[in-house]
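Engineer: My questions will all concern the structure given below.
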């Protein structure tokens with residue numbers, strides 16, 4: 008089940024919500040490096056990392072349901088990430104990369 012797909016502008020909320028979840032195995036697959044790093048830093052166990060192509064990687068995390076609502080941690084962490092300093096920092100890095108790649112190198 009895909010929870011949401013990122014939009015073309017790649018906003019923090021879109022990137023944080025762009026993951027797929029396998030309810031049977033309690034695994035969540037993420038393609039965004041920043042969100043994957045945030046999940047790892049918050050203690051969500053990483054179970055697999057795959058290089059799909061030169062610029063695409065997938066990170067799979069174990070996300071066991073918790074509490075009475077039986078919802079995994081990733082859904083809550085996606086919202087937490089979207090509002091975090093980590094997300095703002097990641098977006099600033101992304102903007103700097105766009106600036107440097109869009110300008111011609113002067114020699």
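Numbering (the working numbering), first residue to last: 8 to 114.
Quick reminder that beta carbons are idealized off the backbone N, C-alpha and C, glycines included.
Note that the structure is predicted; figures quoted are calculated from it, not measured.
#1: Can you say whether residue 53 is buried or exposed, counting buried as having 16 or more other CB atoms within 10 angstroms of its CB?
#2: On the DSSP letters alone, give me the boundaries of the alpha helix (DSSP H) that residue 102 sits inside.
#3: For residue 29, which of helix, strand or coil comes out of DSSP?
#4: Need the endpoints of the beta strand (DSSP E) that residue 39 sits in, please.
#5: If we count the other Cβ atoms within 10 Å of its Cβ and call it buried at 16 or more, is residue 67 buried or exposed?
Structural biologist: According to the structure shown:
#1: The sequence position of residue 53 within the chain shown is 46, counting from 1. Answer is exposed; the Cβ neighbour count stays below 16.
#2: As a working note, residue 102 is residue 95 in the chain shown. Where residue 102 is concerned, the enclosing alpha helix (DSSP H) stretches over 92–109.
#3: Here residue 29 is taken as the residue at index 22 of the chain shown, counted from 1. In this structure, residue 29 counts as strand in the three-state DSSP scheme.
#4: The count along the chain shown starts at 1 and reaches residue 39 at position 32. From DSSP, residue 39 is part of no beta strand (DSSP E); its letter is neither H nor E.
#5: The residue given as residue 67 occupies position 60 in the chain shown. So residue 67 ends up on the buried side.
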